[in-house]
Amino acid sequence: MAGPTAGSTGGSAGAPAGARRGRPRSEGVERAVFDAVGGLLDEGVPLAELSIERIARTAGVGKATIYRRWTGKEELFVDLLRSMEPPDPVLSGTSVRGDLVILLESMRERGVAKRTSSLLHNAFAQMQLYPRLWEVYHHTVIEPRRRLSLDTVRRGMEQGEIRDDLDIEFVNDLLTGPLLLRTVIRPGASLEPGLAERVVDTVMEGLRPRD
Numbered sequence: 034m035a036g037p038t039a040g041s042t043g044g045s046a047g048a049p050a051g052a053r054r055g056r057p058r059s060e061g062v063e064r065a066v067f068d069a070v071g072g073l074l075d076e077g078v079p080l081a082e083l084s085i086e087r088i089a090r091t092a093g094v095g096k097a098t099i100y101r102r103w104t105g106k107e108e109l110f111v112d113l114l115r116s117m118e119p120p121d122p123v124l125s126g127t128s129v130r131g132d133l134v135i136l137l138e139s140m141r142e143r144g145v146a147k148r149t150s151s152l153l154h155n156a157f158a159q160m161q162l163y164p165r166l167w168e169v170y171h172h173t174v175i176e177p178r179r180r181l182s183l184d185t186v187r188r189g190m191e192q193g194e195i196r197d198d199l200d201i202e203f204v205n206d207l208l209t210g211p212l213l214l215r216t217v218i219r220p221g222a223s224l225e226p227g228l229a230e231r232v233v234d235t236v237m238e239g240l241r242p243r244d
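According to this note's numbering, the sequence shown is numbered sequentially starting from 34.
Next up, the structure:
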């Protein structure tokens, strides 16, 4: 399995709070482990049968090596998924409209990635049948992205670009709904370039503060 190394790396002494455990991560070991998991999934091994012992044996590393990097296979698998997805968006913090476009474009790119990568598609299909893994992915990946979107909507209300008489969650649903519809409910729907701008501009037109 080819794929970029996950952006989450171990830190040394003095690393910022929240960094992964103190040992620096070996990119070679990480790639070997990710390739092992990807290869097993490609062979049709169900996610539920991917034990740390089996992954370690396939990767040619010891179980202790894996446990020094991940607390268990849920955390390992989430890191693998993140390594195959486009990186999380970086917002400018200046234009609310521009930041919303960045956020929705990131959703569009992830949707395209899931369609074009059979491994990514297979992994997500299985993950939703594995509640513990889905919970970890939701907590560590989806929820931070959602909070970023909510914060951007809130900033738009505070700066007068979005009506402030509406519920923030509702406004966020209006913006993200079309992308979720096309990536989850209608997976064959178009995800053409420019879709993010079209959704944001259309929704923002109806969200302008009233005179």
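Here a beta-carbon is modelled for each residue, glycine too, at the ideal position from N, C-alpha and C.
Whether residue i touches residue j by CB criterion (8 angstroms)
i, j, result
"R143", "R196", "no"
"V111", "V62", "no"
"L114", "A81", "no"
"R141", "V233", "no"
Whole-angstrom distance between residue j and residue i, CA atom to CA atom
i, j, result
"R64", "T235", "42 angstroms"
"Y163", "D75", "18 angstroms"
"G239", "I135", "20 angstroms"
"L137", "D200", "19 angstroms"
"E230", "L212", "12 angstroms"
"L208", "E60", "37 angstroms"
"L246", "M237", "Outside the shown range of the chain, which is 34 to 244, sits residue 246, and nothing can be said about it."
"P57", "R102", "Low local confidence applies: a pLDDT of 37 at P57 is under 50, so the model's placement there is unreliable, with the coordinate-based value given in what follows. Rounded to whole angstroms, P57 to R102 spans 9 angstroms at the Cα level."
"D206", "R179", "10 angstroms"
"P262", "T127", "The question about residue 262 has no answer here: the residues shown for the chain are numbered 34 through 244."
"A92", "E86", "10 angstroms"
"T104", "G227", "40 angstroms"
"R165", "P220", "24 angstroms"
"G77", "S150", "15 angstroms"
"T216", "A222", "8 angstroms"
"G193", "R90", "57 angstroms"
"L124", "I218", "27 angstroms"
"G210", "P79", "31 angstroms"
"E191", "L181", "15 angstroms"
Contact set for residue i: own chain, Cβ-Cβ below 8 angstroms, skip 5 residues either direction
i, result
"I88", "V66, A69, V70, L73, I99, K106 and L109"
"A158", "none"
"E202", "L183"
"H172", "none"
Neighbourhood of residue i by C-beta, 7 angstroms cutoff - its chain only, sequence neighbours within 5 removed
i, result
"V204", "V186, I195 and L240"
"W167", "M160 and Q161"
"V145", "L224"
"V174", "V111 and R115"
"L83", "V70, L73 and K106"
Residue burial classification, residue i (beta-carbon count within 10 angstroms, cutoff 16)
i, result
"K147", "buried"
"G189", "buried"
"V169", "buried"
"A97", "exposed"
"D132", "buried"
Own chain partners of residue i with C-beta closer than 6 angstroms, once the 5 adjacent residues on each side are dropped
i, result
"S139", "P122"
Below-8 angstroms beta-carbon distance, residue i vs any chain B residue
i, result
"V78", "No chain B appears in this structure, which consists of one protein chain only."
Quick check on the DSSP output: what are the complete beta strand (DSSP E) runs of length 3 or more inside the segment 145 to 204, in order along the chain? Listed in chain order, nothing qualifies, since the segment 145 to 204 has no complete beta strand (DSSP E) run of 3 or more residues.
Every unbroken alpha helix (DSSP H) within the segment 70 to 100, with a cutoff of 4 residues, ordered by chain: Segments of the alpha helix (DSSP H) lying fully in the segment 70 to 100: 85 to 92 and 96 to 100.
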